[in-house]
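Below you'll find the structure, written out as structure tokens, and then a few comments.
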Amino acid sequence: EMPWALKSVFANRFLTEPLLLSLYQKSHTGRALTNNTAVATIMASGIKDNVVPASARVVCNSRILPGTTPDDVLERYTALAAKYGGTVEPYQNMGSGPTSTSSTESAEFLMLGQAVKKLFPDALVSPYLTIGGTDSKNFEGLSKNTYRFLPMVLNPEEVGGIHGTNERIALEDYHKMVDFYTVMVQLWSAGKFPK
Numbered sequence: 081e082m083p084w085a086l087k088s089v090f091a092n093r094f095l096t097e098p099l100l101l102s103l104y105q106k107s108h109t110g111r112a113l114t115n116n117t118a119v120a121t122i123m124a125s126g127i128k129d130n131v132v133p134a135s136a137r138v139v140c141n142s143r144i145l146p147g148t149t150p151d152d153v154l155e156r157y158t159a160l161a162a163k164y165g166g167t168v169e170p171y172q173n174m175g176s177g178p179t180s181t182s183s184t185e186s187a188e189f190l191m192l193g194q195a196v197k198k199l200f201p202d203a204l205v206s207p208y209l210t211i212g213g214t215d216s217k218n219f220e221g222l223s224k225n226t227y228r229f230l231p232m233v234l235n236p237e238e239v240g241g242i243h244g245t246n247e248r249i250a251l252e253d254y255h256k257m258v259d260f261y262t263v264m265v266q267l268w269s270a271g272k273f274p275k
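Quick look at the structure:
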């Protein structure tokens, strides 16, 4: 459970939003939850160590917040590059926009919470913005709600390793994930939706 002081901060967001946003800005994960992100993933320029390159190329991977479109990001990059005499063009398919948000009132969300509580009894079930790209964009047309959820407990070091060098999960966590999805399938197939 959340301490009383924090509960009151979150319950009165109309007053405390500037404070909350400033707190989020203090961590990598917090910034990614409150801002569009960009990471230069491919960079190329010169071909010789003693010659100034005639051109350079940078590919940026962006994760964008709900309410933002890929065109908004392209416009921002174009304006930024123009300040330095550069140009911007979309890379390959330019990806997709953020996926839609899903209801926390639906039977499916309640069932997800039921499965979480069965395997992680101390967990607090709450909505969260997934900051990574997922395959969920491929399922949006099939369901009104698509939940992006990874049934794992990660420490900060493990979170930092996602898509990083030597990305891995502990065998115990892998087994717990299998158990979680087994519970989900059992609940779903039995039609045991919470009231």
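Every position in the sequence shown, counted from 1, becomes a number in the working numbering once 80 is added.
For each residue, glycine too, the CB sits at the ideal point set by N, CA and C.
With contacts defined by Cβ atoms closer than 8 Å, Lys217 and Ser176 form a contacting pair. Comparing alpha carbon positions, the residue from Ala134, Asp151, Ser183, Ser186 closest to Ser142 is Asp151.
Ranking Leu234, Gly244, Val265, Met264 by CA distance to the CA of Ala250 puts Leu234 first. For Ile127 and Tyr208, the gap between their C-alpha atoms comes out near 45 Å.
Residue ranges of uninterrupted alpha helix (DSSP H) with 4 or more members, entirely inside the region 219-249 and ordered along the chain, are 236-240. By the Cβ rule, the region 187-197 does not count as touching the region 94-110, because fewer than three pairs are nearer than 8 Å.
Unbroken beta strand (DSSP E) stretches of 3 residues or longer found wholly inside the region 87-151: 117-124, 137-143, given in chain order. One alpha carbon belongs to Ser186, the other to Tyr227, and they sit about 11 Å apart.
The shortest C-alpha to C-alpha distance from Thr114 to any of Thr148, Thr158, Arg248 is the one to Thr148. Closest option to Asp215, judged by alpha-carbon separation, among Ala162, Ser180, Arg248, Lys163: Ser180. The DSSP-derived three-state label of Glu169 is coil. By the neighbour-count criterion, in which 16 or more other beta carbons inside 10 Å mark a residue as buried, Pro231 falls on the buried side. Counting only residues of its own chain and dropping the five nearest sequence neighbours on each side, Val263 has a CB closer than 8 Å to the CB of Ala195, Lys198, Leu199. In summary, Ser88 is exposed, with fewer than 16 beta-carbon neighbours lying within 10 Å of its beta-carbon over all protein chains present. Taking a contact to require three or more Cβ pairs closer than 8 Å, the region 133-140 and the region 106-122 qualify as touching.
In this chain, the alpha helix (DSSP H) harbouring Lys197 covers 187-199.
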